[in-house]
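Under my numbering, the first residue of the sequence shown carries the number 1, and numbering increases by one thereafter.
Note sheet for the following structure.
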Amino acid sequence: MTSAAKASHVASALSVVDILSVLYTGAANISPTNMDAADRDIVILSKGHSASALYSVLALQGFFSKDWLAHYCNNDAPLGGHVTSKGVPGVELSTGSLGHGLPYGLGIAMSRKKSGAKGRVFVVMSDGECDEGTTWESAMIANHHGLDNLVVIVDRNKIQSLTFTEDTLKLEPFADKWVAFGWNTQTIPGHDYTLLSDALSTQTGPKCIIADTTKGKGVDFMENSVLWHYKPPTADDVTKAFEQLSENY
Numbered sequence: 001m002t003s004a005a006k007a008s009h010v011a012s013a014l015s016v017v018d019i020l021s022v023l024y025t026g027a028a029n030i031s032p033t034n035m036d037a038a039d040r041d042i043v044i045l046s047k048g049h050s051a052s053a054l055y056s057v058l059a060l061q062g063f064f065s066k067d068w069l070a071h072y073c074n075n076d077a078p079l080g081g082h083v084t085s086k087g088v089p090g091v092e093l094s095t096g097s098l099g100h101g102l103p104y105g106l107g108i109a110m111s112r113k114k115s116g117a118k119g120r121v122f123v124v125m126s127d128g129e130c131d132e133g134t135t136w137e138s139a140m141i142a143n144h145h146g147l148d149n150l151v152v153i154v155d156r157n158k159i160q161s162l163t164f165t166e167d168t169l170k171l172e173p174f175a176d177k178w179v180a181f182g183w184n185t186q187t188i189p190g191h192d193y194t195l196l197s198d199a200l201s202t203q204t205g206p207k208c209i210i211a212d213t214t215k216g217k218g219v220d221f222m223e224n225s226v227l228w229h230y231k232p233p234t235a236d237d238v239t240k241a242f243e244q245l246s247e248n249y
């Protein structure tokens, strides 16, 4: 996808794809058969630059044809380089400008809480967008209203754009900040399917799961490299990446 389109955030996609896989294979009550149901769970990928990961998971789960993936980021096709909801089954919100996913998810969660509607709201965020004031305004509001139907999963890969998060704006002590805002917070390895599933299975109050991840996970020349934030892989890169991923997964 990313190589053919010559448009990429492939390393960001590799850091979040395990989280999305766990959500769409059972942790969240959402599938092609209930994606229009009023009581479905809502999944929002706020870090919209990781669109290729979301599109891949949705296609594999049957929300739309896998053939669509070949036209990723083409001007005449629905799958944009950042997450787009227009014409894409299973996508709840167009994202890309960071810091908007949680406020939107907060609004849905508040509406459901007040109306008594069922269904949880999952917001998958980057750690870099926790620089945004809207993130912490939303966190404070969610605690104030006791939103036990709202879950934030932070993809904590410690890289944002072309630098490291702690060099851009210090986030640590990161978990303590969420705790101080009244969230039930836990930090777990972000590529462990069992631990992710367990963390997502229970909830009291608004919940924040800090998923420690690796940018470019599974591909040694991409892992923890700021150069791979947007760099499109060449055909040779794709071959090497598939070899490594096939060995490890």
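In this text, a Cβ means the ideal position worked out from N, Cα and C, and glycines have one as well.
Exercise for the section: Report the three-state DSSP secondary structure of residue 211 (helix, strand or coil). Expected result: strand
Exercise for the section: Determine the DSSP secondary structure at residue 189, reduced to helix, strand or coil. Expected result: strand
Handout entry: Top-ranked residue by Cα proximity to residue 197, from 244, 228, 151
Key = 151
Handout entry: Any 3 or more C-beta pairs closer than 8 Å across the stretch 167-183 and the stretch 227-235
Key = no
Practice task
With residue 153 as the anchor, note down where its beta strand (DSSP E) starts and where it stops.
Solution key: 150-156
Exercise for the section: Measure the Cβ-Cβ separation of residue 226 and residue 162 and say whether it is below 8 Å. Expected result: yes
Handout entry: Secondary structure, beta strand (DSSP E): runs of 3+ residues fully inside the stretch 95-180
Key = 121-126, 150-156
Handout entry: C-beta atoms of residue 193 and residue 76 nearer than 8 Å
Key = no
Practice task
Just the C-alpha distance for residue 25 and residue 173, rounded to the nearest angstrom, thanks.
Solution key: 32 Å
Practice task
In the DSSP assignment, find the unbroken alpha helix (DSSP H) run with residue 22 in it and report its ends.
Solution key: 10-22
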